[in-house]
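The structure under discussion appears below in the form of structure tokens.
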Amino acid sequence: MKQDCKTIEDFGRVAFKLRFIDKKAAWNDIYEKTKDFDVIGYVKEHYIDYVEQNKNEIIGAIMENTVEPEKRDEMRETMRGWLDEAIRMVKNGEELYWMPERIFYDSVAVAMKKIGVK
777 MKQDCKTIED FGRVAFKLRF IDKKAAWNDI YEKTKDFDVI GYVKEHYIDY VEQNKNEIIG
837 AIMENTVEPE KRDEMRETMR GWLDEAIRMV KNGEELYWMP ERIFYDSVAV AMKKIGVK
């Protein structure tokens, strides 16, 4: 499955096909293949440096889809703080929680979109 995926959109196409075109809920197969996958280790190896070096661009991309335009200026620093906290936690092996976790995974999705699937 991953071997055929070069972009984040490719993963979406696989999931869409399994769910809606093949009309079967084959999620157990996907779950079994991914349940032991070390997401944090994968992110640290392939994306953390990009996320850290491109925080402003990434936060801008996240805000385009999640924050009302008139509130973006006031939210930018808050979101940057959450992302800084998430990066620190990941690098220190701490468990992510609440908004830092959400912003972190959104950031990884943006990074995967920008630089591709590794």
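The working numbering puts the sequence shown at residues 777 to 894.
Note that CB positions come from ideal geometry on N, CA and C, so glycine has one too.
- For the set V843, K809, G817 and Q829, the Cα lying nearest the Cα of V866 is the one of G817.
- I834 is the residue among I834, W874, H822 and F813 whose C-alpha sits nearest the C-alpha of E853.
- By the C-beta criterion, the segment 777–794 is judged not to be in contact with the segment 856–870, since fewer than 3 inter-stretch pairs fall below 8 Å.
- DSSP places F796 within a helical segment (H, G or I) once states are collapsed to three.
- Cα atoms of N841 and D812: separation of roughly 30 Å, rounded to the nearest angstrom.
- No Cβ-Cβ contact shorter than 9 Å links I824 with D882.
- For F813, there is no enclosing alpha helix (DSSP H), as DSSP marks it with neither H nor E.
- In this structure, DSSP gives L859 a helical state, which the three-state scheme calls helix.
- The straight-line gap separating the alpha-carbon atoms of M875 and K782 is approximately 28 Å.
- For G836, the enclosing alpha helix (DSSP H) starts and ends at K831 to T842.
- When the Cα atoms are used, D786 and V815 turn out to be separated by approximately 18 Å.
- Annotated three-state conformation of K847 is helix, per DSSP.
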